[in-house]
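Inspection log for the structure reproduced underneath, given as structure tokens.
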Amino acid sequence: MTLEHTTLRKYLLQMQKEHGLDQDLTLLVEDIATSCRIISHQIRNGPFLDILGATETSNIQGETQKQLDVIANDVFLSHCSNCQRVAALVSEEMDDVIWLKETPKAGDYLVYFDPLDGSSNLNVNLSVGSIFSVVELEQDIETLTNEVVLLKGTKQVFAGYSLYGPSTSLVFSTGKGVQGFTHKMGTGEFLLTFPDMCLPDSTEEFAINASRWRHWDETIRRYVEECIKGENGPRQKSFNMRWTASMVAEIHRILTRGGVFLYPVDAENEQTGGKLRLLYEANPMSFIVEQAGGRASTGRERILGVQPQSHHQRISVIMGCRNEVELIESYYAEQT
Ligand code: P6P
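Residue numbers (this note's numbering): 131 to 466.
This is how it looks when you write it as structure tokens:
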């Protein structure tokens, strides 16, 4: 039996009617969804289009760009520029802020995105994703400086991701919970298949790159050791571990069945403040995790409350089930 599902358009119109979702934001979300459809198609046909390889260029992160990193970035650039209220774009793949307006006004949007997260998974046919975030300007802008886009994650009016896995998921929040849509092959529609996604308070699953053990601080080592000790250890329960090298895939799994994701600052990345980027990875994912009832922290403070200092700033990330994140925060509090 085929279940009836709400379309993305119907859901957004309902949010406009019942919660005053802005009409321009509705159009921007649909343009973002279109970008995700196009990227999904490119990925699934990648082997036939000879676009799974690397380019000769590197991004500001110092990472060699995959051809699809560049293609996905261009897709977001062209589609997010359709909305007349988008004043600027910030992308992991572009050094500078892209200004679309000479004199941005209060109410205009800033769009931050990681067009293709986890792209090292592409040529081994594992999951990758896109991450996006929208903030609304609170005042007119006189001078176009990078400082304009350094807004806290609490200012987000929309955040989401698209997961290019066995199916293509579009998961987002406008501040009224987390909604999960699935791209229906054939019609191309995004249909609401996972309404009101919620995180349990506790879990028996954690996600961390365990090969970084030698770089971790004592708090992270303590937490992971206690999980690994299982039933006979202080946690008195058995834990499982997952690591997929794609934050989008990790967070989607955590939203679906619980868990905690850790990419903490460590002895090797402490000069840059961590590995993951604040504006277009940590903030949008933190917004979603909190909207689903979870917690997102650097270990010492709420990620959404961090004042960005630069638009490619990196940060320590610990997010997921509330009880686990709070336990790790309590260990950091003991450490200081
Ligand atoms: P590692 C992908 O490059 C990413 O930014 C996240 O999506 C992912 O969680 C992490 O880095 C993977 O890092 O240490 O496994 O290469």
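Using N, Cα and C, we set each Cβ at its ideal position, and we do this for glycine too.
> According to the Cβ coordinates, are ASN362 and GLU334 closer than 8 Å?
Replying inline: Here residue 362 refers to the residue found at position 232 of the sequence shown. Here residue 334 refers to the residue found at position 204 of the sequence shown. At the C-beta level, ASN362 and GLU334 stay beyond 8 Å of one another.
>> Run through the DSSP bridge pairs and tell me what TRP229 is partnered with.
In response: One-based indexing of the sequence shown puts residue 229 at position 99. ALA218, per the DSSP bridge assignment.
>> For the alpha helix (DSSP H) containing MET315, name the first residue and the last one.
In response: As a working note, residue 315 is residue 185 in the sequence shown. Annotation: MET315 is outside any alpha helix (DSSP H) and is labelled neither H nor E by DSSP.
>> Classify GLN465: buried if its beta carbon has 16 or more other beta carbons within 10 angstroms, exposed otherwise.
In response: Here the question's residue 465 lines up with position 335 in the sequence shown. Exposed, since its Cβ has fewer than 16 Cβ neighbours within 10 Å.
> Since ILE173 and VAL258 are thought to touch, with beta carbons under 8 Å apart, how far apart are those beta carbons, to the nearest angstrom?
Replying inline: Mapped onto the sequence shown, residue 173 falls at position 43. Mapped onto the sequence shown, residue 258 falls at position 128. Approximately 7 Å separates the beta-carbon atoms of ILE173 and VAL258; this is inside 8 Å, confirming the contact.
> DSSP three-state call for THR275: helix, strand or coil?
Replying inline: Start at 1 with the first residue of the sequence shown, and residue 275 comes out as number 145. The three-state secondary structure of THR275, taken from DSSP, is coil.
> Considering only residues of the stretch 314-356, which uninterrupted beta strand (DSSP E) runs meet the minimum length of 3 residues and lie entirely inside it, listed in chain order?
Replying inline: Listed in chain order, the beta strand (DSSP E) runs fully inside the stretch 314-356 are 320-324 and 335-337, counting runs of at least 3 residues.
> For the ligand P6P, any of its heavy atoms closer than 7 Å to the Cβ of ASP396?
Replying inline: The residue given as residue 396 occupies position 266 in the sequence shown. No, the ligand P6P has no heavy atom inside 7 Å of this Cβ.
> Considering only the beta carbon of each residue, do GLY183 and GLN195 sit closer than 8 Å?
Replying inline: Taking the sequence shown and counting its residues from 1, one reaches residue 183 at position 53. Taking the sequence shown and counting its residues from 1, one reaches residue 195 at position 65. No, the pair does not count as a contact, with Cβ atoms beyond the cut-off.
> Are three or more beta carbon pairs between the stretch 437-453 and the stretch 420-428 nearer than 8 Å?
Replying inline: Yes: the two stretches touch, three or more of their Cβ pairs being nearer than 8 Å.
> What's the gap between the Cα of LEU280 and the Cα of GLU134?
Replying inline: Translated into positions along the sequence shown, residue 280 becomes position 150. Translated into positions along the sequence shown, residue 134 becomes position 4. Using only the alpha carbons, I get a separation of about 42 Å.
>> According to DSSP, simplified to helix, strand and coil, what is VAL447?
In response: The sequence position of residue 447 within the sequence shown is 317, counting from 1. Strand.
>> Please tell me whether, using a cut-off of 7 Å, the distance from the CB of LEU157 to the nearest non-hydrogen atom of the ligand P6P is below it.
In response: Position 27 of the sequence shown, counted from the start, is the residue given in the question as residue 157. Result no, Cβ not under 7 Å from the ligand P6P.
> Where does the unbroken alpha helix (DSSP H) through GLY435 begin, and where does it stop?
Replying inline: Position 305 of the sequence shown, counted from the start, is the residue given in the question as residue 435. First-last for GLY435: undefined, no H or E at that position.
>> Beta-carbon within less than 6 Å of ILE162's beta-carbon, same chain only, minus the 5 sequence neighbours each way: which residues are those?
In response: Indexing the sequence shown from 1 puts residue 162 at position 32. Close CB contacts of ILE162 within its chain, under the 6 Å cut and outside five residues either way in sequence, are with PHE262 (chain order).
> Is it buried or exposed for SER75, if we count other Cβ within 10 angstroms and need 16 for buried?
Replying inline: In the structure displayed, the chain extends from 131 to 466; residue 75 sits before or after that span and is not available.
> With distances taken from CA atoms, which of GLU160, GLU459, LEU157 and CYS213 is nearest TYR353?
Replying inline: What you label residue 353 is simply residue 223 of the sequence shown in a count that begins at 1. Per the Cα distances, GLU459.
> For ALA397, which of helix, strand or coil comes out of DSSP?
Replying inline: Position 267 of the sequence shown, counting from 1, holds the residue named residue 397. The three-state secondary structure of ALA397, taken from DSSP, is coil.
> Straight-line CA distance for ALA397 to SER440?
Replying inline: Position 267 of the sequence shown, counted from the start, is the residue given in the question as residue 397. Position 310 of the sequence shown, counted from the start, is the residue given in the question as residue 440. Rounded to the nearest angstrom, the two C-alpha atoms are 21 Å apart.
> Can you tell me whether LYS140 is buried or exposed, with buried defined as 16 or more other CB within 10 angstroms of its CB?
Replying inline: Residue 140 sits at position 10 when you count from the first residue of the sequence shown. Around the beta carbon of LYS140, fewer than 16 other beta carbons lie within 10 angstroms, which makes this residue exposed.
> In terms of residue numbering, what span does the beta strand (DSSP E) encompassing VAL264 cover?
Replying inline: As a working note, residue 264 is residue 134 in the sequence shown. Boundaries of the beta strand (DSSP E) around VAL264: 258-266.
> Under a Cβ-count criterion, where at least 16 other Cβ atoms within 10 Å of its own Cβ denotes burial, should LEU207 be classed as buried or exposed?
Replying inline: Your numbering for residue 207 matches position 77 in the sequence shown. Buried, since its Cβ has 16 or more Cβ neighbours within 10 Å.
>> Taking the alpha carbon of PHE380 as the reference point, which residue from GLU400, LEU293 and ALA217 has its own alpha carbon closest?
In response: Residue 380 sits at position 250 when you count from the first residue of the sequence shown. Rather than Phe, the amino acid found at residue 380 in this sequence is Glu. Of the listed residues, the one whose Cα sits closest to GLU380 is LEU293.
> If we call anything under 8 Å between Cβ atoms a contact, is ILE384 one with LEU329?
Replying inline: Sequence index remark: in the sequence shown, residue 384 carries index 254 (1-based). Sequence index remark: in the sequence shown, residue 329 carries index 199 (1-based). Cβ distance < 8 Å, so ILE384 and LEU329 count as in contact.
> By Cβ distance below 6 Å, which residues in the same chain neighbour SER165 in space, the five residues on each side in sequence not counted?
Replying inline: Within the sequence shown, numbered from 1, the residue matching residue 165 stands at position 35. Within the same chain, VAL205, PHE206 and HIS209 come within 6 Å of SER165 by CB-CB distance, once the 5 residues on both sides are set aside.
> Assuming LEU406 and MET377 make a contact with CB atoms under 8 Å, what is their CB distance in whole Å?
Replying inline: Numbered from 1 along the sequence shown, position 276 holds the residue referred to as residue 406. Numbered from 1 along the sequence shown, position 247 holds the residue referred to as residue 377. With a Cβ gap of about 7 Å, LEU406 and MET377 count as contacting.
>> Given this structure, state the Cα-to-Cα distance separating SER303 from GLU277, to the nearest angstrom.
In response: On the sequence shown, position 173 is the one that residue 303 refers to. On the sequence shown, position 147 is the one that residue 277 refers to. Taking the straight line joining both Cα atoms gives about 26 Å.
>> Suppose you measure from the CA of ALA289 to the CA of LEU230; what does that come to, to the nearest Å?
In response: Along the sequence shown, read from residue 1 onward, the residue named residue 289 stands at position 159. Along the sequence shown, read from residue 1 onward, the residue named residue 230 stands at position 100. Roughly 20 Å between the two C-alpha positions.
> THR156: buried (16+ other C-beta within 10 angstroms of its C-beta) or exposed?
Replying inline: Here residue 156 refers to the residue found at position 26 of the sequence shown. It counts as buried.
> Under 8 Å between the Cβ atoms of CYS469 and ASP154?
Replying inline: Lying before the first or after the last residue shown, residue 469 is absent from the chain, which here runs from 131 to 466.
> What did DSSP end up calling MET371 once you bin it into helix, strand or coil?
Replying inline: Mapped onto the sequence shown, residue 371 falls at position 241. Of the three classes helix, strand and coil, the one that applies to MET371 here is strand, per DSSP.
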